[in-house]
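Peer 1: My numbering numbers the first residue of the sequence shown as 294 and each following residue consecutively.
Don't be surprised by glycine CBs; every beta carbon is placed ideally from N, CA and C.
Quantities reported herein were computed from a predicted structural model and do not represent experimental measurements.
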Amino acid sequence: MQTLIHPTAVIHPNAELDPTVQVGPYAVIGEQVRVGAHTQIGAHVIIEGPTDVGVGNRIFPGAVIGTISQDQKYTGANSALRIGDYNTIREYVTINRANGEGDATIIGNHNLLLAYVHVAHDCVIEDQVVITNAASIAGHVCIESKARIGGMVGIHQFVHIGRLAMVGAMARVDRDVPPYMLVEGHPARVRALNQVGLRRSGVSDSEMRDLKEAFRILYRRDLPLTEAIAQLGMLPPSEHLDHLQRFLTYAREEGRRGLTPSGRSTLD
294 MQTLIHPTAV IHPNAELDPT VQVGPYAVIG EQVRVGAHTQ IGAHVIIEGP
344 TDVGVGNRIF PGAVIGTISQ DQKYTGANSA LRIGDYNTIR EYVTINRANG
394 EGDATIIGNH NLLLAYVHVA HDCVIEDQVV ITNAASIAGH VCIESKARIG
444 GMVGIHQFVH IGRLAMVGAM ARVDRDVPPY MLVEGHPARV RALNQVGLRR
494 SGVSDSEMRD LKEAFRILYR RDLPLTEAIA QLGMLPPSEH LDHLQRFLTY
544 AREEGRRGLT PSGRSTLD
């Protein structure tokens, strides 16, 4: 184990590290931190607890993980951060613990967070999400699997980003982004169906046709949302359309921020 931990690293005696974990120079790992097998922790990384880090993660130099919330309403609750398996967390990423007693910020599996990304308290990032350099994710944001977040994007608190959505660089996102859509702008607007992402994810031709029709119903026919959702129900059922309808229904619930509206641009 000593050959895998640099002698300048500072590791709390109560931290639990699998014997295969690698820790670089001047890293600091605090109490109530658990790190799973084959995780690599780079130089000058700071991990505070309670934080669980799973198997096979790569955490690059300067990342600061598991520190307390920056929310001024945080009052010292015993909250947590849970990171799954095979994530890549690049240089100077910051990820905060949750606000409330017993609550957790959650990072799933196989995610890629590029340099200087910030993930605030109580966020949930599912699986295979890519968040590009210097994007800032405010508190209580949920990003569903396989979404793509462009560089220097700002996402407002409590916003929900749908599965396989694409958010263009430097967008300001202040409302929920439906699954499978491409949004960009300041403020963000829905521009098109994320066809490139859908193709790369293996969506079939028939499913693509149905999603294109769903996009036209939602964003090109000027229908009231209730009527648009009803028309979506007339399309052939599929996992993707069912998920889209559930998302739209959820976004309309009381207390939600509403849906990102359409916008006309050369991306249409």
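1) I'd like to know whether the C-beta atoms of ARG390 and ILE361 end up nearer to each other than 7 Å.
2) What are the start and end residues of the alpha helix (DSSP H) that includes GLY563?
3) If contact is defined by three or more beta carbon pairs under 8 Å, each pair taking one atom from either stretch, is the stretch 471-482 in contact with the stretch 521-528?
4) For my contact list, TYR319 and ALA356 are in at a C-beta cut-off of 8 Å; report their separation, rounded to the angstrom.
5) Quickly, what does DSSP pair GLU477 with across the bridge? List them, please.
6) Could you compute how far the alpha carbon of GLN488 sits from the alpha carbon of ASP498?
7) Tell me VAL328's beta-bridge partners as DSSP assigns them.
8) With 16 as the cutoff for other CB atoms within 10 Å, does VAL422 come out buried or exposed?
9) Could you tell me whether the stretch 429-438 touches the stretch 413-421, using the rule of 3 or more Cβ pairs below 8 Å?
10) Along the chain, where does the beta strand (DSSP E) that runs through LEU374 open and close?
11) Taking C-beta to C-beta, are GLY444 and ALA462 nearer than 7 Å?
12) Can you tell me the Cα-Cα spacing of ASP535 and PRO554, whole angstroms?
13) Identify the residues that DSSP records as bridge partners of ASP469: which are they?
14) Going straight from the alpha carbon of ASP364 to that of ASP467, what length do you get?
15) At which residues does the alpha helix (DSSP H) containing ILE510 begin and terminate?
Peer 2: The short version:
1) yes
2) Past the edges of the chain, shown from 294 to 561, lies residue 563, and the structure says nothing about it.
3) no
4) That belief does not hold up - the Cβ atoms of TYR319 and ALA356 are roughly 13 Å apart, past 8 Å.
5) ARG482
6) 11 Å
7) LEU310 and VAL346
8) buried
9) yes
10) 373-376
11) yes
12) 20 Å
13) LEU552
14) 18 Å
15) 498-512
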